[in-house]
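Number of protein chains: 2
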Amino acid sequence: MLSLNDFQSLLAGYARRHPFPDDPPMLYEPCTYMLSLRSKRLRPVLTLMACELFIDEVERALPAAWAVELFHNFTLIHDDIMDAAPLRRGQPTVHTRWNVNTGILSGDVMLIFAYKHLLKVHNDRIAVQLVNIFNRVAIQVCEGQQRDLDFEQRDEVSLSEYLYMIEQKTAVLLGGALEMGACCAGASAVDGMHLYYFGLQAGTAFQIQDDWLDAYGDPERVGKQVGGDILQNKKTFLTLKTLELADEADRAALREWLRTPADTPGKVEAVRALFDRYDISAHVAEAKAKLQRSAYEHLDAVKVPLDRQTLLRQTVEQLLERDH
Amino acid sequence: MLSLNDFQSLLAGYARRHPFPDDPPMLYEPCTYMLSLRSKRLRPVLTLMACELFIDEVERALPAAWAVELFHNFTLIHDDIMDAAPLRRGQPTVHTRWNVNTGILSGDVMLIFAYKHLLKVHNDRIAVQLVNIFNRVAIQVCEGQQRDLDFEQRDEVSLSEYLYMIEQKTAVLLGGALEMGACCAGASAVDGMHLYYFGLQAGTAFQIQDDWLDAYGDPERVGKQVGGDILQNKKTFLTLKTLELADEADRAALREWLRTPADTPGKVEAVRALFDRYDISAHVAEAKAKLQRSAYEHLDAVKVPLDRQTLLRQTVEQLLERDH
Numbered sequence: 056m057l058s059l060n061d062f063q064s065l066l067a068g069y070a071r072r073h074p075f076p077d078d079p080p081m082l083y084e085p086c087t088y089m090l091s092l093r094s095k096r097l098r099p100v101l102t103l104m105a106c107e108l109f110i111d112e113v114e115r116a117l118p119a120a121w122a123v124e125l126f127h128n129f130t131l132i133h134d135d136i137m138d139a140a141p142l143r144r145g146q147p148t149v150h151t152r153w154n155v156n157t158g159i160l161s162g163d164v165m166l167i168f169a170y171k172h173l174l175k176v177h178n179d180r181i182a183v184q185l186v187n188i189f190n191r192v193a194i195q196v197c198e199g200q201q202r203d204l205d206f207e208q209r210d211e212v213s214l215s216e217y218l219y220m221i222e223q224k225t226a227v228l229l230g231g232a233l234e235m236g237a238c239c240a241g242a243s244a245v246d247g248m249h250l251y252y253f254g255l256q257a258g259t260a261f262q263i264q265d266d267w268l269d270a271y272g273d274p275e276r277v278g279k280q281v282g283g284d285i286l287q288n289k290k291t292f293l294t295l296k297t298l299e300l301a302d303e304a305d306r307a308a309l310r311e312w313l314r315t316p317a318d319t320p321g322k323v324e325a326v327r328a329l330f331d332r333y334d335i336s337a338h339v340a341e342a343k344a345k346l347q348r349s350a351y352e353h354l355d356a357v358k359v360p361l362d363r364q365t366l367l368r369q370t371v372e373q374l375l376e377r378d379h
Numbered sequence: 056m057l058s059l060n061d062f063q064s065l066l067a068g069y070a071r072r073h074p075f076p077d078d079p080p081m082l083y084e085p086c087t088y089m090l091s092l093r094s095k096r097l098r099p100v101l102t103l104m105a106c107e108l109f110i111d112e113v114e115r116a117l118p119a120a121w122a123v124e125l126f127h128n129f130t131l132i133h134d135d136i137m138d139a140a141p142l143r144r145g146q147p148t149v150h151t152r153w154n155v156n157t158g159i160l161s162g163d164v165m166l167i168f169a170y171k172h173l174l175k176v177h178n179d180r181i182a183v184q185l186v187n188i189f190n191r192v193a194i195q196v197c198e199g200q201q202r203d204l205d206f207e208q209r210d211e212v213s214l215s216e217y218l219y220m221i222e223q224k225t226a227v228l229l230g231g232a233l234e235m236g237a238c239c240a241g242a243s244a245v246d247g248m249h250l251y252y253f254g255l256q257a258g259t260a261f262q263i264q265d266d267w268l269d270a271y272g273d274p275e276r277v278g279k280q281v282g283g284d285i286l287q288n289k290k291t292f293l294t295l296k297t298l299e300l301a302d303e304a305d306r307a308a309l310r311e312w313l314r315t316p317a318d319t320p321g322k323v324e325a326v327r328a329l330f331d332r333y334d335i336s337a338h339v340a341e342a343k344a345k346l347q348r349s350a351y352e353h354l355d356a357v358k359v360p361l362d363r364q365t366l367l368r369q370t371v372e373q374l375l376e377r378d379h
């Protein structure tokens, strides 16, 4: 069995053997730049791990894994434009370092290269299955991003709408990454589906945890300013669940706080006090646990020996145990 | 044999049977809008015509034809953002009617839907061939668009660089549309290649003719302001060929004119006088004729009876005979 490091080395080697073309530089330099930014490459690693559940030759899943990574980076380039984000992984975003047009076009070509890598699998049937999974996932990611943009413009968003949005925007790709790995190994469609739902539900649990860490995590260990979502009036599991549970006065108070500017004194503390009044941390833990249980039921249903699952289980458990 | 109208009806029927989803509306309404704009749908028609060279069941090529049309519209949405174009086919562009973010994301999802349609071909081997052709073409179109953007920033562009840019940006898709039609019919790779080069060279000839019509065409029949390219200081076959042929004084004069604002009195006439001094219309005719000859050599090499080629020949000839 390979280690996380082994998988990351395999990916780095594949990337080195398949660089972007040199010309035209203004098109491909931003692609190379984006992929050079520090990243754990979780998604393509999941593809390789899913493949290794079934077969030893994980190299077979490398092109699909790299396609997943390219797709993810394509979405980051375009999302950063839409969010007007100046930084990504501590470095200037593509549209900041170059310009918006470059960001659009380099993102486009990166998406097309993702499809190009998918077809490197030397089996037509598997290639078609991969492109089908990829299309299904990619369309949902676009829909999730659109819903996220829509929510910013709306006053009222329900918790279930929010959960569907984060599912589409982020969790679906984790599920798809796993399903594609299984597909590369020639696994059955049923096993592929169980892995998809495992990733989908673990990914949703991860996102809810991420919302909680933003408000309650140790800023030093989380690596960003605490309460950033609150300051920016973002709709999160915490705010939407509190709005669902709160009495009229508290709901009005929370709504009021979420209309104030980021530099309003005492904002983070006041909003957290409202969260606490409705025991929001317990609700987060409960929602997360429910998703995790369901996720592991799907993983348990995959027909492979337990010892082949160790690394995948460990990796996902570590992701979901960041309680600081 | 079907007529041009028949092909357009087939495409309209396919589009009706495969609408975009309704939700989220902000993602899909712009896609539906874009495809509702008046268009002769030349590219997907070429796909159907190429299929009909080999087999009677042109319906087999409908999903690929529609993928070509979706890809073309995806490039239009994103190019219009990059060019800050307010109008497309006489109607507001997507980013004008909605906004830039919507243009980016709706374009993205339209590209992914193109791949989705490609896979509707119920033969894995052909599906993989189609996606391969599509990828090769799509990457070149992005490269061509990048070169076009680069040229706007550069003082010196050679005629051969320009020809390569228009080949990638526009002609490659015409060639690819034909090659994909042949592929759907199960034609040989050699026949597919000949059709690709037929489309590539006819498409380049068409673009050169378009440059000439912009300066010399009858504005009423061309349907746009005469000399628009000159007024906007665009690099075209006419300007670059003149710069190549002219003596030093005329080259300097042309360069000077192409730095003046659009409203400089006498601009179009002065630039055309320089074109005329170097007999540019004859050079256009010669370059066009050479490309056409080569294009038809490729079409002649395709192993199908002459009577099956009639409509394709007529259609392309009509495109290349607009001398008004």
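Sequences listed follow chains A and B, in order. For the first sequence, the working numbering gives the first residue as 56, with consecutive numbering after it. For the second sequence, the working numbering gives the first residue as 56, with consecutive numbering after it. Positions of the beta carbon are idealized from the N, C-alpha and C atoms, including for glycine. Just so you know, these numbers come straight off a predicted model, no measurement behind them.
Residues that DSSP places opposite Q146(A) in a beta bridge: DSSP output for Q146(A) lists R143(A) as bridge partner(s).
Quick check on the DSSP output: the alpha helix (DSSP H) that includes K95(A) runs from which residue to which? From DSSP, K95(A) is part of no alpha helix (DSSP H); its letter is neither H nor E.
Report yes if the C-beta distance between L103(B) and V113(B) is below 8 Å; otherwise report no. Against a cut-off of 8 Å, the Cβ pair of V113(B) and L103(B) comes out as a contact.
Selection from A304(B), H353(B), D265(B), T151(B) that minimises the alpha carbon distance to V339(B): Selected option, being the one with the closest Cα: D265(B).
Run down chain B in chain order and give the residues with a C-beta less than 7 Å from the C-beta of K224(A). Against K224(A), chain B offers no close residue; the least beta-carbon distance is about 12 Å (beta-carbon pairs closer than 7 Å).
Between which residues of its own chain and A240(A) is the CB-CB distance below 6 Å, once the five residues before and five after are set aside? Closer than 6 Å at Cβ, skipping near neighbours: C106, F109, I110.
Can we say the region 254-261 of chain A touches the region 222-240 of chain A, given the rule of at least three CB pairs closer than 8 Å? Put simply, the region 254-261 of chain A touches the region 222-240 of chain A. At least three CB pairs are less than 8 Å apart.
Would you please state the rounded distance, in angstroms, between the beta carbons of P118(B) and L66(B)? I believe it to be under 8 Å. The pair is not a contact, with the Cβ atoms about 11 Å apart (cut-off 8 Å).
Can you give the Cα-Cα distance for W312(B) and D284(B), rounded to whole angstroms? Taking the straight line joining both Cα atoms gives about 12 Å.
Integer-rounded CB distance, given that F253(A) should sit under 8 Å from A350(A): Right, their Cβ atoms sit about 5 Å apart.
Let me know if E303(B) comes out buried or exposed under the rule of 16 or more other beta-carbons within 10 Å of its beta-carbon. Taking every protein chain shown into account, the CB of E303(B) has fewer than 16 other CB atoms within 10 angstroms, so this residue is exposed.
Give the straight-line distance between the Cα atoms of L250(A) and C238(A), rounded to the nearest whole angstrom. Between L250(A) and C238(A), the alpha-carbon positions lie close to 10 Å from each other.
Look at the alpha carbon of Y333(B) and the alpha carbon of E211(B), and state the distance between them as a whole number of angstroms. Spanning the two alpha carbons is a distance of roughly 19 Å.
For D165(A), count neighbouring Cβ atoms within 10 angstroms of its own Cβ and tell me buried if that reaches 16, exposed if not. Checking the sequence shown, residue 165(A) turns out to be Met, not Asp. Classification of M165(A): buried, given that the 10 Å Cβ count is 16 or more.
Could you tell me the boundaries of the alpha helix (DSSP H) in which K358(A) lies? That residue, K358(A), is in no alpha helix (DSSP H); it is neither H nor E in DSSP.
If the cut is a Cβ gap below 9 Å, which residues of chain A does P74(B) touch? Chain A residues near P74(B): none, gap ~14 Å exceeds 9 Å.
Can you check whether the C-beta of H379(B) is within less than 8 Å of a C-beta belonging to chain A? For H379(B), the pLDDT reaches just 49, beneath the cut-off of 50, and the residue's location in the model is therefore unreliable, leaving the point undetermined.
Which residue comes first and which comes last in the alpha helix (DSSP H) that contains Y333(A)? No alpha helix (DSSP H) contains Y333(A), which DSSP labels as neither H nor E.
When the cut-off is 8 Å and only beta carbons count, does N10(A) lie next to chain B? The requested residue 10(A) is not part of the displayed model; chain A covers only 56 to 379.
Under the three-state DSSP convention, the category M56(B) falls into: In the structure shown, the three-state DSSP call for M56(B) is coil.
CA-CA distance, G282(A) and A270(A)? Between the alpha carbons of G282(A) and A270(A) lies a gap of roughly 5 Å.
Could you give the distance in angstroms between the alpha-carbon of L173(A) and the alpha-carbon of L286(A)? Whole-angstrom Cα-Cα distance: 41 Å.
Taking beta-carbon pairs under 8 Å, can you tell me which members of the region 134-152 of chain A lie near chain B? Along the region 134-152 of chain A, going in chain order, the ones with a CB nearer than 8 Å to a CB of chain B are I136, M137.
Which residues in the same chain have their Cβ closer than 6 Å to the Cβ of F168(A), if we skip the five residues on either side of it in sequence? Counting only Cβ-Cβ distances below 6 Å, and skipping sequence neighbours, we find L125.
Proximity to Y170(A) [Cα-Cα], best of K290(A), A308(A), A122(A), Q195(A): The candidate whose alpha carbon is nearest that of Y170(A) is A122(A).
Shorter than 8 Å from the beta carbon of L185(B) to some beta carbon of chain A? No - not a single Cβ of chain A is within 8 Å of the one on L185(B).
Rounded C-alpha distance that separates N288(B) from T315(B): If you draw a straight line from the Cα of N288(B) to the Cα of T315(B), it is about 8 Å long.
Between which two residues does the alpha helix (DSSP H) harbouring D78(A) extend? For D78(A), there is no enclosing alpha helix (DSSP H), as DSSP marks it with neither H nor E.
Would a check of beta-carbon distances place K289(B) closer than 8 Å to chain A? K289(B) does not count as touching chain A.
Chain B contacts made by the region 113-126 of chain A, where a contact means CB separation under 7 Å: Here the close residues number zero.
Beta carbon of L366(B) nearer than 8 Å to that of F330(B): The beta carbons of L366(B) and F330(B) sit no closer together than 8 Å.
At 7 Å on the CB atoms, spell out the chain A contacts of A182(B), in chain order. Residues of chain A passing the Cβ test: V183.
Check whether the region 196-204 of chain B touches the region 194-203 of chain A, counting contact only when three or more Cβ pairs, one atom from each stretch, lie closer than 8 Å. Segments in contact, no.
Along chain A, which residues have their Cβ under 8 Å away from the Cβ of N156(B)? Simply I136, M137, L204.
Within 8 Å, strictly: CB atoms of V149(A) and I132(A): It is a contact, given that the beta carbons lie within the stated cut-off.
May I ask you to list, following chain order, the residues of the region 96-111 of chain B that have a beta carbon less than 9 Å from some beta carbon of chain A? Those would be none; no residue qualifies.
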